[in-house]
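What follows is a single structure, written as structure tokens, with notes after it.
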Amino acid sequence: MLNFVVMSVNLQTPIDYLKGVGPNRADLLRKELGIHTYQDLLNLFPNRYLDRTKYYQINQLQRNSADVQVIGKIIKFEEVAQKRGKRLVATFQDDTGTMELVWFRGQKWIRESLKPQTPYVIFGKTNWFNGKFSMPHPDIELLSEHKKSLSSAMQPIYPSTEKLTNKGISNRVITKIMQQLFLETNGRFTETLSPELLESQKLISKSDALFNVHFPKNQELLTKAQYRLKFEELFYIQLQLILKNLIHKSKIKGLPFTQVGDYFNTFFEEHLPFNLTHAQKRVLKEIRSDLGSQAQMNRLLQGDVGSGKTIVAFMSMLMALDNGFQACLMAPTEILSVQHYNGLLDWCNELNISIKLLTGSSNTSERKEIHENLENGQLQILIGTHALLEDAVKFKNLGLAIIDEQHRFGVAQRSKLWHKGPNQNSENPNAQGAIPPHILIMTATPIPRTLAMSVYGDLDISVIDELPPGRQAIKTVHRYDKNRLKVFRFIRDEIEKGHQIYIVYPLIQESEKMDYKDLIDGYASIERDFPKPKYQISIVHGKMKAADKDYEMQRFVKGETQIMVATTVIEVGVNVPNASVMVIESAERFGLSQLHQLRGRVGRGAEQSYCILMTGHKLSNDSKTRLETMVRSSDGFEIAEVDLRLRGPGDIMGTQQSGVLNLKIADLLKDSDILKSARFHAQNILKKDPSLASPNNKAILNTYREMGKYRNIWNYIS
Ligand code: ADP
Ligand code: MG
């Protein structure tokens, strides 16, 4: 008796070997769709499906219905002359009524091959035209043939390219190749999830899922298949991110901040300028627990503009100081660093803490003194710009590095801070005794939770999701340019009340010259309407020298000028509580998160504040949505969700490196519930079995390893 050994087909087999593919097609598949192996083909998931399980009667058709399928007979043909050439119109009838089938091309062939008075199945989009339904260029098949063919189910439509279609690799061909793949493999594929997960999440097996995603019998099976595959895809990304985080924690030793000491306690008990919000307290606890653990903190602090991140940063620095370490805070611009410095200076004086500011404009003797005192440990807190990253800046024992508005900094800059930890002046981060400082990254650009989980899954995330009490919502309106006089009148009234005004112009690289001209023209017209000496105006833009910018900014901060005309350089962080109006010119040209940031510059005091979005008359749909969203909502997270929907994840900071864009079947926006579930289970599994050593998790471990081998999953993270 013969023993049949069912050889399992290696899915890494080059696609050329699949029957029906051959070198030419293989080449096209590689170039056009990135399909190199059997596996790649298997993971080419349909974009959509034509539901051919349902049949409509003619009297059930709706105007503009998507693809519908009808059974009937052609009762007559007619040629109708039109501007150019003619069209062929067939009257198609079933028991409930008649409709028209229309062809603009291939009329001769159609007339000859279609038989009147014979049952056909037609499939396509319908139009409502001249009081009748019509279907241009229907998919048409004899009912008798149709009953025999596979097409009486959900028909997959695969991603394609023009080149593929031109070279004859139609959807039908891809479907055929896919069928061949299932034939050669017997449709048996190695299970990639654990039996426990399959059971508890009611997931169908890998083989069933793959079969039903490519050849679904009905919508229900398709939904199950898609769910299973989406879950799997998101599960492995999360597993990877969480593992990376765990490895980081076990490998990267942290500086032990064992105690909460005098600085923190004195500040908390005697100098706290206001009650902390619940969110601020919660975040401080999270940070405290990181700093007290043996591992290096790598935490992202998200908090809307004005949510009070600064005091959290300061109190975290106090924890470092209490344990005998130094701390630094890096901000993206000179203005912001100065502001942080001024803000923290009073508190530091009260507590007898030495603090200094280091920026590009610090002079040589200041620098020298700072460098010395950093190295001998007399200087406890250093605030500054990129200047902090210079090699000459050496700390005695840097324990905590805080980065404000991290999206302005690159990964390289972030990692430079790592090397400023104690005993670490060499290039080698693993040098003996080298311990990186704890890192806290702050951002006011909220990232939707689901995206954050994927992009920053290797960081721990804290969120301040509560504004300090007593904030009044900023009234936001959209005004057209022709209402400018009214807007100016309103501004005059606000200045009358002693308030200050921002007027912001876009600055976008491609049209820098024009933008600059707009700004200068705008400034001239504002000067005309708000004449000196009654009104004083500051102007700040990118072409000015840093010192001039700073001078103008300071005049505004001190209240010497009532109006600040600026480009987006004032976007982040600037704090002038007396400013009550933010006018944004050409608001349609700003992105949502930028608009939100700019608006956050007002509403920082007790007075009612306003944001006025000025635009021209012609607006794209996206611009309209952006403006409406700003008028409707002040919730940074809600705004970020809309932003994500409008732009897709590709434009959101950090997604490029994260791999979330390479998702094959899941969709970050639509599948956020699946993502949460996948993350939860990945966490759970790793909590119980961090090395995936248990027999239960064998499938997971194997899959994870395979992925590392064949797909560069390690690229998920920068
Ligand atoms: P951001 O998160 O945008 O950096 P800031 O830290 O600059 O916000 O805080 C914005 C303003 O709110 C500051 O004037 C700050 O003093 C104030 N503030 C912060 N936390 C509180 C609080 N718990 N209660 C009242 N005011 C607060
Ligand atoms: Mg801030």
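Taking the numbering used here, the leading residue of the sequence shown gets 2, the next gets one more, and so forth. Just so you know, even glycine gets a beta-carbon here, dropped at the ideal spot from N, CA and C. Being a predicted model, the structure only gives us computed values, none of them experimental.
By DSSP, does M298 sit in helix, in strand, or in coil? It is coil, neither helix nor strand.
Run of the alpha helix (DSSP H) containing E629, from where it starts to where it stops: First-last of the alpha helix (DSSP H) with E629: N622 to R633.
Look at the alpha carbon of T38 and the alpha carbon of F232, and state the distance between them as a whole number of angstroms. Rounded to whole angstroms, T38 to F232 spans 23 Å at the Cα level.
Given a threshold of 16 other Cβ atoms within 10 Å of its Cβ, counted over all protein chains shown, does D291 qualify as buried or as exposed? Label assigned to D291: buried.
Three-state class that DSSP yields for Q61 in the structure shown: When DSSP states are grouped into helix, strand and coil, Q61 belongs to the helix group.
One question on the structure: do Q260 and D323 come within less than 8 Å of each other, judged by their Cβ atoms? A contact, by the Cβ cut-off of 8 Å.
Taking a contact to mean a Cβ-Cβ separation below 8 Å, would you say L256 touches P47 in this structure? Contact: no.
I527 and I504 look like a contact to me (Cβ under 8 Å); what is the Cβ gap, rounded to whole Å? That pair is a contact at about 7 Å.
Who are the near neighbours of R64 in its chain, counting only those whose CB is closer than 6 Å to its CB and skipping five residues on each side? Correct list, in chain order: W129.
G471, buried or exposed, once every other Cβ within 10 Å from all chains shown has been counted against 16: Per the 10 Å Cβ criterion, exposed.
Compute the minimum distance between the beta carbon of K310 and the heavy atoms of the ligand ADP, and state whether it is under 7 Å. K310: yes, Cβ under 7 Å from the ligand ADP.
Could you name each continuous alpha helix (DSSP H) segment of 4 residues or more that falls completely within the segment 118 to 204, going from the start of the chain to the end? Here the runs fully enclosed are 144 to 149, 163 to 167, 172 to 186 and 196 to 201.
With a threshold of 7 Å (Cβ to nearest heavy atom), would A580 be considered close to the ligand ADP? Outside the cutoff, so no.
Other residues of its chain near L42: CB distance less than 8 Å, five sequence neighbours each side excluded: So the qualifying residues of the chain are I16, L19, L30, I36, I178, M179 and L182.
Give me the Cα-Cα distance between K417 and L390, rounded to the nearest whole angstrom. For K417 and L390, the distance between alpha carbons rounds to 7 Å.
Below 7 Å CB to CB, which residues in the same chain sit around T186 once its five sequence neighbours on both sides are set aside? Closer than 7 Å at Cβ, skipping near neighbours: V10.
Who pairs with C612 in a beta bridge, going by DSSP? Note: C612 sits in a beta bridge opposite T477 and M583.
Less than 7 Å between the CB of D405 and some heavy atom of the ligand MG, yes or no? Result yes, Cβ under 7 Å from the ligand MG.
Which class does L375 belong to by DSSP, given the choice of helix, strand or coil? Per DSSP, reduced to three states, the secondary structure at L375 is helical.
On the CB-based measure, 16 or more other CB atoms within 10 Å of its CB, does D405 come out buried or exposed? D405 is buried by the Cβ-count criterion.
DSSP three-state call for M320: helix, strand or coil? In this structure, M320 counts as helix in the three-state DSSP scheme.
I believe I72 touches P120 by the beta-carbon criterion, under 8 Å. Please report the beta-carbon distance rounded to the nearest angstrom. Contact between I72 and P120 is confirmed by a C-beta separation of about 6 Å, below the 8 Å threshold.
Where H147 and V122 are concerned, what is the direct C-alpha to C-alpha distance, given to the nearest angstrom? Rounded to whole angstroms, H147 to V122 spans 7 Å at the Cα level.
Residues near S624 by beta carbon distance below 7 Å, same chain, minus five either side: Residues E589 of the same chain have their beta carbon placed closer than 7 Å to that of S624, with the five preceding and five following residues left out of the count.
For I613 versus V464, is the C-beta spacing smaller than 8 Å? Contact flag unset, no.
Could you pull out every residue in the same chain whose Cβ sits closer than 6 Å to the Cβ of V584, ignoring the five residues on either side in sequence? Here the set comprises I504 and I613.
Tell me which residues share the same chain as A321 and place their Cβ nearer than 6 Å to its Cβ, disregarding the 5 neighbours each side in the sequence. Residues A328, G400 and L401 of the same chain have their beta carbon placed closer than 6 Å to that of A321, with the five preceding and five following residues left out of the count.
Can you say whether A548 is buried or exposed, counting buried as having 16 or more other CB atoms within 10 angstroms of its CB? Exposed, because fewer than 16 other Cβ atoms sit within 10 Å of the Cβ of A548.
Host beta strand (DSSP E) of G400 (start-end): Per DSSP, G400 is one residue of the beta strand (DSSP E) stretching across L399 to D405.
Please indicate yes or no: does the CB of A393 lie closer than 7 Å to some heavy atom of the ligand MG? For the ligand MG, not one heavy atom lies less than 7 Å from the Cβ of A393.
Measuring straight from C-alpha to C-alpha, what distance separates V214 and E642? Approximately 29 Å, taken between the alpha carbons.
Label N431 either buried or exposed according to how many other C-beta atoms from any shown protein chain fall within 10 Å of its C-beta, with 16 as the threshold for buried. Low local confidence applies: a pLDDT of 43 at N431 is under 50, so the model's placement there is unreliable, with the coordinate-based value given in what follows. Flag for N431 reads exposed.
I need the boundaries of the alpha helix (DSSP H) containing Y517, first residue and last residue. Start and end: E513 to D530.
In angstroms, rounded to a whole number, what distance separates the CA positions of Y50 and Y705? Those two C-alpha atoms are separated by around 30 Å.
What residue does the alpha helix (DSSP H) around T224 start on, and which one ends it? It spans Q220 to K252 - the alpha helix (DSSP H) in which T224 sits, taken as one unbroken run.
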